[in-house]
Amino acid sequence: MIHAATDLGDALDRLGVVAVAVLAAAALLAPGLRARAAASLGALVLVPVLLLADIWDSSQVASLRDRPALFAGAAVVAILVVAALALLVARRPLLLPLLAVAALPFRIPISAGGDTANLLVPLYLVIAAGVLATGVTRLRAEDDDAPFRPRALEWLLCGAVVLYAIQAVYSDDFAHGLQNVVFFYVPFALLFGLLREVPWTQRLALQCLGVLAALAAVFVCIGFVEYARKELLLNPKLVAASQFQTYFRVNSLFFDPNIYGRFLVTVMLGITTVILWTRRTRDVLAGVALLALLWAGLVLSFSQSSFAALLAGLAILAGLRWAWRWTIAAVGVAAVVAVGIVVLFPSAINLDLGSSKSADKATSGRLDLIKGGGRLFADRPVLGWGSGSFPAVYRREEQVSSEKATTASHTIPVTVAAEQGVIGLAVYLALLVAALARLFAGARALPLRAYVAAAFVALLVHTMLYAAFLEDPLTWALLAVGTAAAVLPRPGEGDEAAAPGVASAHDDAD
């Protein structure tokens, strides 16, 4: 009887993962506002139910499970916080994007499924408040016409979410796949829907950049303190790893120097955009000073993936601001110089061209992970090993220690190929094409569009060298703002954003 009940509960968990993904997709694709609102609210309710069902028997929630009063109190506090934020957003809708960008960097360590994950709890509260505020309003609205008819990008985003959930059902690590769905894919899909329908203006975008720049400056100052003391405030595992390096890497409040670097790069590209498009000397000087501060913080992270991402983003901004011909030429010269350094002076980057072990060391172990991921893909090329399965399967099939296998291959296409096979890889590649097509359409017309295109390319480069594509809220936020910016008027056509539902402008974005 107990075994049968366990099997039933496991089957319900797997069905629930697919159901919540379908609800998230409906929140973006449904033709009417009320249907979108109902789907969003349904996903909002189902996500915590699935999570609690998954970890209810684990030691992480033992204190709450055995103390129902404490559990009820925590639930009441969370509901009150969400309700208060929802009332605030309902009264002042433009606070939603400001609250979202303010919450983007903050992660809180949460134990789930035997592992500790650094989760964006403040952002989840903002998303829940936004869904509640807009959902209630839309369910009561007389007009049911939904803005932003779904096109290629929306269908592919939703397809990626639903496919990931379906492939989690047969995953070798279902718990990890479930957690990725409820912690990342579904909440961030809801975030995309919320930010996409904000009436964006250049002024609002600058206000958001101001919030991000202020946070980045604070984080960099914290990084300076860490470097001076040679002591990290968070992530003791990284402290131990740094003992074997000739340099000390700071991560501020991000638990990981690469995620810290990714955030700084995103902000630096925004500031660079203002410098390139402004005509006021005061703004240029202030921007240059802030860039110098953030660059110093980025250097202390020693994040190679972030340096590459920054260069890619700057190249895109240069091409959009001036001419692609000269930008491509400059990038080509830089590439030739880089290859020359590698060939002529390999010892400068601790690389032995005749040794695969040296190459693996120079890439911080990524080469072995990529090779192992390729072998996993070759073993199951069509459907893959299942969503979220890479760490567990890599350890088992490659027979390596748990310390050797990290959370992914550190190269997103390899992770996708190993976990989701050709089907998932095809959706991923199609999604990239649709995203780039939308973001680069009219990117020269407005600085906001240029910034979003450059920041997305930078993030894409970072994912090729590190991890987290659809698991990063920045991806969804940039796509949402880029979609909304497609209906912003060109200079001289008006200062405020066009109505979000202008179909012709939105259609041109694809």
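Numbering that gives the first Met the number 0 applies: residue 0 is where the sequence shown begins, and numbers increase by one.
All C-beta atoms in this analysis are idealised placements derived from N, C-alpha and C, irrespective of residue type, glycine included.
Pairwise C-alpha distance: residue j and residue i
{"i": "ASP12", "j": "PHE182", "result": "15 Å"}
{"i": "LEU28", "j": "ARG35", "result": "7 Å"}
{"i": "ALA215", "j": "LEU263", "result": "6 Å"}
{"i": "ALA52", "j": "LEU162", "result": "22 Å"}
{"i": "TYR184", "j": "LEU103", "result": "15 Å"}
{"i": "LEU319", "j": "ALA434", "result": "17 Å"}
{"i": "LEU87", "j": "ALA479", "result": "22 Å"}
{"i": "VAL413", "j": "LEU193", "result": "31 Å"}
{"i": "TYR393", "j": "ALA453", "result": "33 Å"}
{"i": "MET0", "j": "GLY134", "result": "Model confidence at MET0 stands at a pLDDT of 49, short of 50, so the residue's coordinates are unreliable; what they give is reported in the following sentence. For MET0 and GLY134, the distance between alpha carbons rounds to 41 Å."}
{"i": "VAL44", "j": "LEU189", "result": "13 Å"}
{"i": "PRO149", "j": "ALA128", "result": "24 Å"}
{"i": "GLU418", "j": "VAL21", "result": "20 Å"}
{"i": "ALA466", "j": "ALA329", "result": "28 Å"}
{"i": "GLU196", "j": "ALA476", "result": "12 Å"}
{"i": "GLY112", "j": "LEU98", "result": "At GLY112 the pLDDT is 49, less than 50, meaning the model places this residue with poor confidence; the figure from the coordinates comes in the next sentence. Spanning the two alpha carbons is a distance of roughly 29 Å."}
{"i": "ARG202", "j": "LEU458", "result": "24 Å"}
{"i": "TYR226", "j": "ASP142", "result": "56 Å"}
{"i": "ALA240", "j": "ASP255", "result": "No answer about ALA240 holds up, because its pLDDT of 46 lies below 50 and its placement is not dependable."}
{"i": "THR521", "j": "GLY481", "result": "The shown model of the chain, from 0 to 509, leaves out residue 521, and the question about it has no answer."}
{"i": "ASN179", "j": "PRO446", "result": "34 Å"}
{"i": "VAL81", "j": "VAL46", "result": "15 Å"}
{"i": "LEU177", "j": "ALA83", "result": "29 Å"}
{"i": "GLU470", "j": "PRO186", "result": "10 Å"}
{"i": "PRO67", "j": "ALA74", "result": "10 Å"}
{"i": "HIS409", "j": "LEU368", "result": "7 Å"}
{"i": "LEU310", "j": "VAL415", "result": "25 Å"}
{"i": "VAL217", "j": "THR136", "result": "36 Å"}
{"i": "GLY41", "j": "PHE468", "result": "25 Å"}
{"i": "ALA204", "j": "ALA444", "result": "15 Å"}
{"i": "ARG90", "j": "GLY72", "result": "27 Å"}
{"i": "ILE221", "j": "VAL298", "result": "14 Å"}
{"i": "ALA164", "j": "SER386", "result": "7 Å"}
{"i": "ILE78", "j": "TRP154", "result": "32 Å"}
{"i": "TRP276", "j": "ASN257", "result": "29 Å"}
{"i": "ALA391", "j": "GLU230", "result": "31 Å"}
{"i": "TRP199", "j": "HIS175", "result": "36 Å"}
Where residue i sits in the DSSP three-state scheme
{"i": "PRO104", "result": "coil"}
{"i": "ASP367", "result": "helix"}
{"i": "ASP282", "result": "helix"}
{"i": "ASP53", "result": "helix"}
{"i": "LEU469", "result": "coil"}
{"i": "ASN250", "result": "coil"}
{"i": "ALA239", "result": "For ALA239, the predicted model reports a pLDDT of 45, less than 50, meaning its position is unreliable and no value from the coordinates is stated."}
{"i": "ASP118", "result": "Here residue 118 turns out to be Leu, not Asp, going by the sequence shown. Of the three classes helix, strand and coil, the one that applies to LEU118 here is strand, per DSSP."}
{"i": "ALA90", "result": "At residue 90 the sequence reads Arg, which differs from the Ala that was named. Helix."}
{"i": "GLU196", "result": "coil"}
{"i": "ALA485", "result": "coil"}
{"i": "ALA436", "result": "helix"}
{"i": "TRP321", "result": "coil"}
{"i": "TYR169", "result": "coil"}
{"i": "THR462", "result": "helix"}
{"i": "GLU225", "result": "helix"}
{"i": "ASP255", "result": "coil"}
{"i": "ARG520", "result": "Missing from the structure shown is residue 520; the chain here goes from 0 to 509 and no further."}
{"i": "PRO149", "result": "coil"}
{"i": "ASN349", "result": "Low confidence applies here, because ASN349 scores a pLDDT of 49, under 50, leaving its location unreliable; read the following figure in that light. It is coil, neither helix nor strand."}
{"i": "SER300", "result": "helix"}
{"i": "LEU233", "result": "coil"}
{"i": "ARG443", "result": "coil"}
{"i": "THR277", "result": "coil"}
Beta-carbon separation (whole angstroms), residue i vs residue j, contact threshold 8 Å
{"i": "VAL451", "j": "ALA484", "result": "6 Å"}
{"i": "TYR138", "j": "ARG228", "result": "A quick correction: the sequence has Leu, not Tyr, at residue 138. Not really, about 53 Å apart at Cβ, beyond 8 Å."}
{"i": "VAL17", "j": "VAL120", "result": "With a Cβ gap of about 25 Å, VAL17 and VAL120 do not count as contacting."}
{"i": "ILE107", "j": "LEU118", "result": "6 Å"}
{"i": "PHE301", "j": "ARG261", "result": "Rounded, the Cβ-Cβ distance is 14 Å, inconsistent with contact."}
{"i": "LEU293", "j": "VAL266", "result": "6 Å"}
{"i": "GLY423", "j": "GLN166", "result": "7 Å"}
{"i": "ALA317", "j": "VAL460", "result": "That pair is no contact at about 15 Å."}
{"i": "VAL100", "j": "CYS207", "result": "5 Å"}
Counterpart residues of residue i in DSSP-defined beta bridges
{"i": "GLY31", "result": "ASP144"}
Short CB-CB distance (under 8 Å) between residue i and chain B
{"i": "VAL266", "result": "Of the protein chains in the structure, only one exists, and it is not chain B."}
beta-carbon residue i near the ligand FMN non-hydrogen atom, thresh 7 Å
{"i": "GLY176", "result": "Among the components of this structure there are no ligands whatsoever, and the ligand FMN is therefore not found."}
Can you give, in chain order, each stretch of the alpha helix (DSSP H) that sits fully within the stretch 371-428 and has at least 4 residues?
389-397
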